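In my numbering, the protein residues as written are 451 to 918. Glycine is no exception: its CB is placed at the ideal position from the N, C-alpha and C atoms. Quick caveat, the model's predicted, so the values are computed rather than measured. Take a look at the structure set out below.
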């Protein structure tokens, strides 16, 4: 079931009553630091402010003062900031206490807030609840709310910049503009339904088909940007696979520019997965070095590692199947190659990589030949991985996106395509055309939270850190 998520209407009363209670949490990361923040949000927090700070606070102005315990003793001295509703992050009253960043001290402040706010029903915040309240109170739409977590989790500079653009509303504005164009077309189609003598031909004369074509073209541009943004956020999962001693660990070290994996001439040195995230043109590349694949081994640990290798291959976005050029033509080696190839999943996204090219005079024409020792061929491999993932040059103003955004845009496109096909049928019922446009509009609205299932909201915000 879909419900409007821009306000409380339609939500379970028990959920609403819980959301009405003020919340508090430590808003800085665990561990010691120079500064730690305890944040509270709710309606009418003035009594809490008075109790903790001993006096009213000037809104949006930092005030240096002691934070006192219930018996009047001083817990710490720091800065207090009060943001009255609706001019705050959550849209509610917000109080922030900036103290020294000791874990024990922050826990004492947190306990003091809960004690002082007991009459208000104050409780500990759940993961992402501050941002969820910002969304429910109309301070952020859902795409912007997700961008908060994406900005925190960004693993590359490009991802951080793109998440910042999404947080500022770049993605949402494009979605909204496209949604408004669909609404105008829906109004034309549904108005035509009120006049039985009008039909598809009338809509064509009124420019409906041209509008639909232009909307579809704009959607394709937005979808391409979302797919690039999703790559920036999710990255590419690349698995290095092949027989023992074909150069997997050496390739991982060469790509990472550091000695991450142990390299020896002894078969079976790598017994478990070794992962490292690097970046290519700002795109995170999650490279996984795996145990060498072979059918016979007396080592139980290595057998477990080989089993995990096959699991990694099944989950990979791209599988680099490494071949040792120095052993090419050896009967035992070629037989093992054929055996591995026969076991590879049919849907595995393979890229054949021929290693140790610096030690041979020639190399096969298929795949990529490289040398982890000299670096020859590494740049070709990097470009190929990006191309296979669908990446192209980063456009100006790229925004971060998630897989669910891409899926919503793809569903929107499917409904627009069906609407286009109905427009080709002179006898097609206008009701069907109107319904496809409505479904396209709903799918687009899921991105910003205009039409969103309650359970989806719970899934999204549960992945946030506590205090955000």
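In this structure, the alpha-carbon of residue 737 lies about 7 Å from that of residue 702. For the options 518, 581, 583 and 561, the alpha carbon positioned closest to that of residue 573 is the one of 561.
In the DSSP annotation of this structure, the continuous segment of the alpha helix (DSSP H) that includes residue 675 starts and ends at 658-684. The beta-carbon separation of residue 487 and residue 547, rounded to 7 Å, stays under the 8 Å limit for a contact. Segment contact: the segment 852-870 against the segment 670-687, three or more CB-CB distances shorter than 8 Å; contact assigned. A direct Cα-to-Cα measurement between residue 866 and residue 810 gives close to 55 Å. Taken atom to atom, the span from the alpha-carbon of residue 472 to that of residue 493 is near 7 Å.
The beta-carbon separation of residue 597 and residue 617, rounded to 4 Å, stays under the 8 Å limit for a contact. Within the same chain, Cβ atoms closer than 7 Å to the Cβ of residue 814 are found at 804, the five residues on either side in sequence being excluded.
The segment 685-692 makes contact with the segment 724-742: 3 or more CB pairs, one atom from each, lie closer than 8 Å. Using a Cβ distance threshold of 8 Å, residue 836 and residue 910 do not count as a contacting pair.
Distance check between residue 609 and each of 767, 848 and 665 places 848 closest, using alpha-carbon atoms only. Under the three-state reduction of DSSP output, residue 516 falls in the strand class.
For residue 489, no alpha helix (DSSP H) segment is defined; the enclosing uninterrupted segment is the beta strand (DSSP E) at 483-492. Looking only at 817, 808, 833 and 830, the smallest Cα-Cα distance to residue 823 is reached by 808. In the three-state reduction of the DSSP assignment, residue 510 falls in the coil class, being assigned neither a helical nor a strand state. Residue 501 and residue 766 have their alpha carbons spaced roughly 55 Å apart.
The shortest CA-to-CA distance from residue 761 to any of 637, 794, 776 and 530 is the one to 794.
Sequence-distant partners of residue 566 (beyond 5 residues in either direction) whose C-beta falls short of 7 Å from its own C-beta, in its chain, are 498, 501 and 502. When the five nearest sequence neighbours on each side are left out, the beta carbons in the same chain lying within less than 6 Å of the beta carbon of residue 591 are those of 622, 898 and 899, in order along the chain. Ranked by Cα distance from residue 495, the first of 818, 569 and 777 is 569. Our two residues, residue 612 and residue 914, have alpha carbons roughly 18 Å apart in a direct line. Assigned with DSSP and collapsed to three states, residue 804 falls in strand. Here residue 858 has 893, 896 and 897 as same chain residues with Cβ atoms under 6 Å from its own Cβ, once five neighbours each way along the sequence are excluded. Here DSSP, grouped into helix, strand and coil, assigns residue 688 to strand. In this structure the segment 658-668 does not touch the segment 770-783; the number of beta carbon pairs closer than 8 Å is below three. Cβ atoms of residue 632 and residue 872 stay farther apart than 8 Å, at about 15 Å. Annotated as distal: residue 769 and residue 806, with beta-carbon spacing of 8 Å or more. Put simply, of 571, 693 and 698 the residue whose alpha carbon is nearest the alpha carbon of residue 743 is 693. Excluding residues up to 5 positions away in sequence, 913 and 914 lie with their Cβ nearer than 7 Å to the Cβ of residue 599 in the same chain. Take residue 869, set aside five residues on each side of it, and the residues of its chain with a beta-carbon closer than 8 Å to its own are 662, 883, 886, 887 and 890, in chain order.
For the pair residue 587 and residue 540, the CB atoms are nearer than the 8 Å cut-off. For residue 529, the enclosing beta strand (DSSP E) begins and ends at 524-533.
Our two residues, residue 607 and residue 856, have alpha carbons roughly 22 Å apart in a direct line.
Residue 739 carries a strand assignment under DSSP once its states are collapsed to helix, strand and coil.
Distance from the CA atom of residue 563 to the CA atom of residue 474, rounded to whole angstroms, is 7 Å.
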